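One structure is given here, and the rest of the page talks about it.
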Amino acid sequence: MRQAAPAGAAAAGPAQPDSLLDLHGQVAFVSGAGQGAGRAIALMLARNGAGGIAVNDFVGERAEAVAAEIRTLGVPAVAVPADVGDLDAVRGAFAQAQALGPVTLLVNNAGNAGPAQQMRPTPLFWETDPADWDRFLRTNLQGVLNCCHAALPVMVAQQRGRIVTIVSDAARTGEARLSVYAAAKAGAAGFMRSLAKEAGRYDITANCVSLSTLEPALDEPAKSAFLSSEQARAHVARYSIRRFGQPDDVAAMVLFLCSDAAAWITGQTYPVNGGYSAAL
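In the working numbering, the protein residues as written are 113 to 392.
Written out as structure tokens, the structure reads:
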């Protein structure tokens, strides 16, 4: 039974937002943030106390559009276009980002699933060649290495940092016709686990968010046609929650892992997948 307030006690005020999710003015670098989940992540961090957002995308116009959107929220933002697979370009992007202040939040969101992103058929592994492999490895693994390599010296100097890398359930469970993509994402997750052990002494955490399929960003007629297609209906039937993911589903978990609420969590992979696959 609820206890009555003591006589003379002041009435409780309205509930206050949980400050554990406040980012307290930290600067974030979000790769692949020009659209989709990356855009949602950048906006989520901006709305929850980030002091600045460096918006990376390999298409400069997309990066600038999201940076402008963030600035309308009253949060400083810069577009830092770069191919994350190019270490020199990544170093240049981080140098630009430092105009906002020291980057202590890094979200490795940039990724490339090739034709599978549009649910088009992909070839079997033995029908591919090294040029095909490089397309997956360059962004999904080398890009993570490059961004972490550029970010960590500043985080170590600041004695704080949060690194969140977006991986895939293909890495956790395997996925036919996505063998090299799965290998690249699994490699990124293994790298995060090792980095967690290296960087933890500097109060730097390193975690992953593992995704299944997100609803594609299409105009309404195209989206309706896609969702009603036999292929999409068969695919979504494999989910416990019968829908594809939304960008904000991802962004909410990333915010948690960037926040003080996750201060003692590192080296972990969190599935955000509508129950597509289970984890212990």
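In this text, a Cβ means the ideal position worked out from N, Cα and C, and glycines have one as well. Please read all numbers here as calculations on a predicted model, not as lab measurements.
Determine the burial state of residue i: buried for a count of at least 16 other Cβ atoms within 10 Å of its Cβ, exposed for fewer.
| i | result |
| --- | --- |
| arginine 103 | Lying outside 113 to 392, the shown extent of the chain, residue 103 is not represented and no answer is given. |
| valine 171 | exposed |
| alanine 282 | buried |
| glycine 387 | exposed |
| lysine 309 | exposed |
| aspartate 361 | buried |
| alanine 375 | exposed |
| glycine 357 | buried |
| arginine 355 | exposed |
| proline 333 | exposed |
| proline 265 | exposed |
| glutamine 254 | buried |
| isoleucine 353 | exposed |
| glycine 164 | buried |
Short of 8 Å in beta carbon distance, which residues of its chain neighbour residue i, apart from the five on each side in sequence? Order them along the chain.
| i | result |
| --- | --- |
| leucine 369 | Arg274, Val276, Thr317, Asn319, Val321, Ile377, Tyr382 |
| alanine 175 | Ala145, Gly146, Val167, Asn168, Asp169, Ala191, Val192, Pro193 |
Give me the residue from the options with the minimum Cα distance to residue i.
| i | options | result |
| --- | --- | --- |
| glutamate 287 | Thr251, Arg250, Asp246, Pro233 | Pro233 |
| alanine 299 | Val348, Leu326, Tyr314, Val279 | Note that residue 299 is glycine in the sequence shown, not alanine. Residue Val279 is the option with its Cα nearest to glycine 299. |
| tyrosine 314 | Pro359, Val268, Ser143 | Val268 |
| glutamine 208 | Arg151, Phe141, Phe248, Ala152 | Phe141 |
| alanine 243 | Gly312, Ile153, Val292 | Val292 |
Only counting the same chain, and skipping five residues up and downstream in sequence, which positions put a Cβ closer than 6 Å to that of residue i?
| i | result |
| --- | --- |
| glutamine 380 | Asn319 |
| arginine 305 | Gly379 |
Would you mind stating whether residue i and residue j have Cβ atoms separated by less than 8 Å?
| i | j | result |
| --- | --- | --- |
| alanine 162 | valine 187 | yes |
| glycine 219 | valine 384 | This sequence places valine at residue 219; glycine is not what is there. Cβ distance not < 8 Å, so valine 219 and valine 384 don't count as in contact. |
| glutamine 138 | threonine 216 | yes |
Mind checking who residue i pairs with in its DSSP beta bridge?
| i | result |
| --- | --- |
| threonine 317 | Arg274 |
| glycine 357 | Leu326 |
| isoleucine 165 | Ala140, Ala189 |
| proline 265 | Note: proline 265 sits in no beta bridge, so no partner. |
I'd like to know whether the C-beta of residue i is nearer than 8 Å to at least one C-beta of chain D.
| i | result |
| --- | --- |
| valine 202 | Chain labels in this structure do not include chain D; a single protein chain is all it has. |
Apart from the five residues just before and just after residue i, which ones in its own chain have a Cβ nearer than 7 Å to its Cβ?
| i | result |
| --- | --- |
| asparagine 433 | Nothing in the structure corresponds to residue 433, since the chain is present only between 113 and 392. |
| serine 389 | Asp281, Arg284, Thr285, Pro383 |
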